[in-house]
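Engineer: One structure, as structure tokens, below. Some questions next.
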Amino acid sequence: MALMTGKNVFITGGSRGIGFATAREALLEDANAVAICSHFDETREAALKKLNEEFPGRNIVGYTFDLETCGEAEIGAAMKDFIAKFPDAEGKQHLDAVCSLAGITHNNTCKNIPEGLFEKVVRVNLIGTWYVDHQAALIMRGQKYGSIVNTASVAGVYGNSMGAGYGASKGGVIGLTRSLGREMAFFNVRVNCVAPGVVKTDMTTKDTGPEALEYVCSTIALRRMGEPSELAKMFIFLSSDNASYCEAGLYHVDGWTTA
Ligand code: NAD
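Each residue of the sequence shown is one higher than the one before, counting from 5 in the numbering used here.
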């Protein structure tokens, strides 16, 4: 049996990069329904179009909310709308997995970081993740099952010399995961997080020259960046019942990155 048969999967940051690859992986693993969320309608629409072309007739929907400005209610409403749209054969509504992948980065030393940017990164990456997790946890607590997978980073473990806000936000995601996982274990809900290393997406490649990327690769034991699909496999494994004994954990998928 495929890993996600019958499951409804809600993915923030699903419009591109690792989130999009995770949506695709969920569909390849036979998910019943997939929701992709983004803060821009256009990228989300383009992603929906691509997924519908590759997986015609499958249950794929999109939601728009901006984690910098939205309240929790908006996120909760999107989750409730999603599960109401795709009940199981007995008419039961269920939210099986939530992958919280939306995030932003920054490259600033403390000398040149603009006012408010630290706060913005923490708001989107950490508080945004909390909002998503909190709404998912309230639904999954009632179901007495479910899986939440958050996105940390190696920067949250080892630090990042030009991203204090990013490192702080991702370190916070690890603490959030450990704590919420311990609490939600009582309700048979698993909360874990993935720490990607350097992955080939817009976030890393858009504003970085080839020489800088080459240097970055030289610091990775596997000597290359990860592909979004290589990360997606971990998100979907942790979302699946095959990860039934994984709780409150941090899983590196980084080609062994320490610098
Ligand atoms: P990406 O820039 O390709 O995609 C980011 C996604 O987040 C998009 O779907 C975007 O719409 C969404 N998003 C951004 N700001 C948002 C906001 N304010 N509200 C709602 N949605 C918002 O990035 P990616 O590389 O795919 O990164 C995905 C996750 O993985 C992020 O949390 C990122 O921090 C983390 N990560 C990435 C790398 C990497 O090397 N790419 C490394 C470590 C961790």
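Cβ coordinates follow ideal geometry from the N, Cα and C atoms, glycine included.
1. Given that a residue counts as buried once 16 or more other Cβ atoms are within 10 Å of its Cβ, and exposed if not, what is D137?
2. Among the candidates N164, H98 and E46, whose CA atom is the shortest distance from the CA of S19?
3. Determine the DSSP secondary structure at I117, reduced to helix, strand or coil.
4. Going by C-alpha distance, which of G176, I87, N154 and A252 is nearest I143?
5. What's the call for L52, buried or exposed, on a 16-neighbour Cβ count within 10 Å?
6. Flag this pair as yes or no: are the beta carbons of A77 and V102 separated by less than 8 Å?
7. Assuming F14 contacts M83 (C-beta within less than 8 Å), just tell me the rounded distance between them.
8. Under the DSSP definition of a beta bridge, which residues are partnered with R194?
9. Distance, Cα to Cα, L226 vs E94?
10. Would you call the stretch 151-159 and the stretch 183-200 touching, i.e. three or more CB-CB distances under 8 Å?
11. Taking 8 Å as the threshold, find out whether the stretch 21-30 comes into contact with the stretch 227-244 through three or more Cβ pairs.
12. Have a look at the DSSP bridge pairing and note the partners of V3.
13. Does chain B have any CB closer than 8 Å to the CB of A35?
14. Nearest to G146 by CA position, among A106, L99 and Y170, is which residue?
15. In the DSSP output, which residue or residues are listed as bridge partners for G167?
16. Mind checking whether S243 and V177 have CB atoms under 8 Å apart?
17. Pick out the complete beta strand (DSSP E) segments inside the stretch 33-118, 3 residues or longer, and give them in chain order.
18. In whole angstroms, give me the CA-to-CA distance for A189 and E49.
19. Between A37 and F90, how many whole angstroms is the CB-CB distance? I'm expecting something under 8 Å.
20. Just the Cα atoms here: how many angstroms apart are C250 and T181?
21. Is S157 a contact residue of the ligand NAD, with contact defined as CB to any heavy atom under 7 Å?
22. Could you check if L105 belongs to the surroundings of the ligand NAD, using beta carbon to heavy atom distance under 7 Å?
23. Heavy atom of the ligand ATP less than 7 Å from the Cβ of N129, yes or no?
24. Kindly identify the DSSP beta-bridge partner or partners of P200.
25. Considering only the alpha carbon of each residue, which of Y135, N111 and M229 lies closest to T73?
26. Compute the minimum distance between the beta carbon of S243 and the heavy atoms of the ligand NAD, and state whether it is under 7 Å.
Structural biologist: Judging by the given coordinates:
1. buried
2. S19 has its Cα closest to that of E46, out of N164, H98 and E46.
3. coil
4. I87
5. buried
6. Between A77 and V102, the CB-CB gap reaches or exceeds 8 Å.
7. Beta-carbon to beta-carbon, F14 and M83 are separated by about 6 Å, close enough to satisfy the 8 Å threshold.
8. S151
9. 47 Å
10. yes
11. yes
12. Here the chain has residues from 5 to 263 only, and residue 3 is not among them.
13. Protein chains in the displayed structure number just one, and chain B is not present.
14. Nearest of A106, L99 and Y170 to G146, Cα basis: L99.
15. N112
16. Contact: no.
17. 37-42, 63-68 and 101-104
18. 36 Å
19. Indeed, because the Cβ distance is near 4 Å, the residues count as touching under 8 Å.
20. 12 Å
21. yes
22. yes
23. This structure lacks the ligand ATP; the ligands present are the ligand NAD.
24. The bridge partners DSSP lists for P200 are V257.
25. Y135
26. no
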